[in-house]
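Positions 80 to 320 (the working numbering) are the ones given, in order, by the sequence shown.
Heads up: the structure comes next, in structure tokens.
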Amino acid sequence: MMDNNALDAMPWLLRPMHEGDITQAVQIDRDAFPENRYAPPFRRDLRERKYAHYLVAVAHDSPYDDYARKNDLPPTDKPGGNRRGRGGRITNTVKRLLGVSTDMPPPTEELIAGYLGLWAVIDEGHVTSVGVRKSHRGQGIGELLIIGAVEASKLLNCHAVTLEVRVSNEVAQNLYKKYGFKIVGRRKRYYSDNDEDAYIMTTDPIDTPQFSGLLEDLTYKHSDRWGATYRTYGIEDEDDE
């Protein structure tokens with residue numbers, strides 16, 4: 080177990096998303112993908128889809144409310160509080176009548192700077208989305224999330240990791256290539272906002288000594304540049320449940 084002093088010295092915590100993170104995850108999605116009409120169905124995925132996994136990069140020593148005040152964002156609703164007044168109570172009543180659960184955990188009080196979606200289907204980990212706040216780009220967070228995607232895929236016994244990327248997004252393509260992804264195909268008019276094509280990128284087998292050595296080396300270099308990061312995935316004990 081890592082002691083609190085060691086954890087506090089690390090700039091980021093990478094962990095599984097929980098429902099208290101959803102409000103910030105939606106903010107990040109809107110910030111990163113303004114062309115999308117809807118955010119991913121985070122709550123449904125977390126509750127109902129066992130193959131769906133989300134990771135979040137958390138600044139555990141940086142309060143979200145401080146960031147919100149500086150960036151004109153809504154504050155965190157504190158546990159036990161209701162800032163919506165009568166309207167909020169009516170909304171919850173309607174939810175109960177519709178059979179929708181209102182038993183929600185309190186919103187996360189630490190700042191979340193990025194998230195990644197990962198579907199584990201058969202023996203493949205598929206990255207569905209990677210989003211980072213514009214204010215926190217260029218700080219190694221996107222790369223940290225890719226490290227997490229590969230490590231989580233290995234824990235899920237996946238053989239390879241795949242994703243789609245816009246053909247025009249050379250910055251993202253270069254990051255993925257750095258981590259062993261290769262272009263293996265092209266999806267025509269994949270993105271609905273402008274009908275842009277997507278490249279399909281996939282890794283070589285991630286359970287080989289060669290790939291493990293590459294990942295270890297890149298993870299060390301990331302830590303050396305951006306600081307060591309505590310990463311936890313909550314996957315190891317899933318088979319025991």
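Backbone N, C-alpha and C define an ideal beta-carbon position, used for all residues, glycine too.
| Query | Result |
| --- | --- |
| Residue of A138, Q106 and L197 minimising C-alpha distance to P153 | Q106 |
| Of the listed residues T241, Y258, P119 and D274, nearest to G264 (C-alpha basis) | T241 |
| Beta-carbon contacts of G227 that lie in its chain and below 7 Å, excluding the five residues immediately before and after | L93, L134, L195 and R310 |
| C-beta atoms of A277 and V250 nearer than 8 Å | no |
| Sequence-distant residues of its chain with Cβ nearer than 6 Å to Y146 (five each side left out) | L190 |
| Cβ contact (3+ pairs, closer than 8 Å) linking the stretch 211-228 and the stretch 105-119 | yes |
| Limits of the unbroken alpha helix (DSSP H) element including V105 | I101 to A111 |
| Three or more C-beta pairs below 8 Å linking the stretch 295-313 and the stretch 218-238 | yes |
| Local conformation of I201 per DSSP, three classes | coil |
| Cβ pair T282, A231 closer than 8 Å | no |
| Closest residue to A138 among M89, Y312 and K300 (Cα-Cα distance) | M89 |
| Segment limits, beta strand (DSSP E) that includes L134 | A131 to P142 |
| Contact belief for Y130 with V200 at Cβ below 8 Å, rounded distance in angstroms | 6 Å |
| Of the residues G292, T102 and G204, the one placed nearest T187, counting alpha carbons only | T102 |
| Contact set for T155: own chain, Cβ-Cβ below 7 Å, skip 5 residues either direction | Y143, D144, P186 and E188 |
| Whole-angstrom distance between L197 and G204, CA atom to CA atom | 6 Å |
| Cβ-Cβ distance between A136 and A192 below 8 Å | yes |
| DSSP three-state assignment for A118, whether helix, strand or coil | coil |
| C-alpha gap between K267 and E275, whole angstroms | 7 Å |
| Among R126, H215, L125 and M183, nearest to N150 - alpha-carbon criterion | H215 |
| L293 to V246 span [Cα, whole Å] | 25 Å |
| N- and C-terminal bounds of the alpha helix (DSSP H) containing V250 | E249 to K257 |
| Beta-carbon gap between K233 and I279 smaller than 8 Å | no |
| DSSP three-state assignment for D276, whether helix, strand or coil | strand |
| Whole-angstrom distance between L254 and G217, CA atom to CA atom | 12 Å |
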